[in-house]
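Everything on this sheet refers to the single structure shown next.
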Amino acid sequence: AVEKGAVAVLTAKHLDLPDRVVQLMVPDIHHALEDIVPYFYDYPGKKMRMIGVTGTNGKTTTSHIIAHILRAAGHHVGVLGTIHALIDDEELPIHNTTPDVVELQHFLHLMAERGITHVVMEVSSHALELNRVAGIEFDTAVFTNLTQDHLDFHKTFENYVAAKAKLFQGLTAGDTVKGNKTAVVNVDDPYAKDILAACRGNVLTYGVEQEADLRGSSLQVELKKSSFHVSGPFGSVDLQMHITGLF
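Take any residue in the sequence shown, note its place counting from 1, add 381, and you have its number in the working numbering.
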């Protein structure tokens with residue numbers, strides 16, 4: 382790195398480098414990056430409306446439906462997902478379900494520079510546990526469901542649930558500059574109670590089996606389409622969609 386022109390190095394131990402190279406000694410590289418990188422990019426995650434979608438299944442579908450609705454409402458929308466990043470219609474490759482803090486802040490900076498107003502982002506339990514989302518102020522947190530998964534990383538299911546809950550605890554924690562925070566929670570999931578216990582501020586529940594703020598009924602799921610009835614505070618509406626599946 383120094384041979385290629387680096388003038389400073391962030392390091393956890395002293396290195397044998399020329400005197401002209403500044404060495405920034407920190408106890409933990411990853412914790413240091415969580416502070417440095419969002420600052421370097423001027424906190425793009427505080428400038429746009431950030432919608433985080435978490436859960437074992439349904440994150441990608443849910444994210445793209447939310448993005449589609451926001452675009453139809455006239456907003457400039459970015460998507461950060463498992464397979465790609467979208468800045469309006471432009472597609473960029475991505476390497477993790479949620480990129481590391483450097484790549485993620487770089488993507489968000491690009492989006493803010495391009496005039497994106499809303500970002501819909503898949504947020505994995507790994508990213509929450511490893512704090513890859515450091516420096517991002519989420520405005521909406523969505524919970525889809527939780528099934529036995531990723532226990533190779535989290536070791537216990539309790540740890541897995543706790544990692545997911547961090548997204549909801551963070552909605553109103555710390556140095557927030559935006560208002561109107563909302564948690565959106567699937568109350569049909571048996572672990573919804575743990576997620577709801579972590580929520581502060583506005584909560585919007587949804588479900589089919591349980592009583593919820595938004596409740597689906599009369600579901601007809603066919604090979605290439607689905608239809609259902611939704612009732613909520615706004616009244617009720619019948620929806621027909623050209624996608625299939627219970628989600």
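Beta carbons are placed, not taken as given, at the ideal position from N, Cα and C, and that holds for glycine.
Close beta carbons around Pro408, own chain, < 8 angstroms, minus the five adjacent residues each side: Ala393
Verify whether the separation of the beta carbon atoms of Leu551 and Glu415 is less than 9 angstroms.
Note that residue 551 is Gly in the sequence shown here, rather than Leu. No; because the gap between Cβ atoms is not below 9 angstroms, this pair is not in contact.
Q.
Spatial neighbours of Ile468 within its chain, please: C-beta separation below 8 angstroms, excluding the five flanking residues on both sides.
A. Gly459, Leu491, Met492, Arg495 and Ile497
For Lys428, the nearest candidate out of Val500, Val383 and Phe421 (CA to CA): Val500
### Query
Using the beta-carbon count (16 or more within 10 Å), is Ile410 buried or exposed?
exposed
Sequence-distant residues of the same chain with beta carbon closer than 6 angstroms to Val565, five excluded per side:
Val523 and Leu585
request  = Evaluate Lys547 with the Cβ neighbour count: other Cβ atoms within 10 Å of its Cβ, from every protein chain shown; 16 or more gives buried, anything less gives exposed.
outcome  = buried
In whole angstroms, what is the alpha-carbon distance linking Leu489 and Ser505? 17 angstroms
The alpha helix (DSSP H) that contains Val501, what's its start and end? Per DSSP, Val501 belongs to no alpha helix (DSSP H); it is in the beta strand (DSSP E), His499 to Glu503.
* Asp619 - containing beta strand (DSSP E), residue span -> Gly616 to Met622
Determine the burial state of Phe519: buried for a count of at least 16 other Cβ atoms within 10 Å of its Cβ, exposed for fewer.
-> buried
| Do you know whose CA, among Asn526, Lys559, Tyr572 and Gly616, lies nearest Leu627's CA? | Asn526
- prompt: Are Thr463 and Thr521 close, meaning C-beta to C-beta below 9 angstroms?
  reply: no
request  = Leaving aside the five residues before and after Lys545 along the sequence, list all residues of the same chain whose C-beta is less than 6 angstroms from its C-beta, in chain order.
outcome  = Thr435 and Ser506
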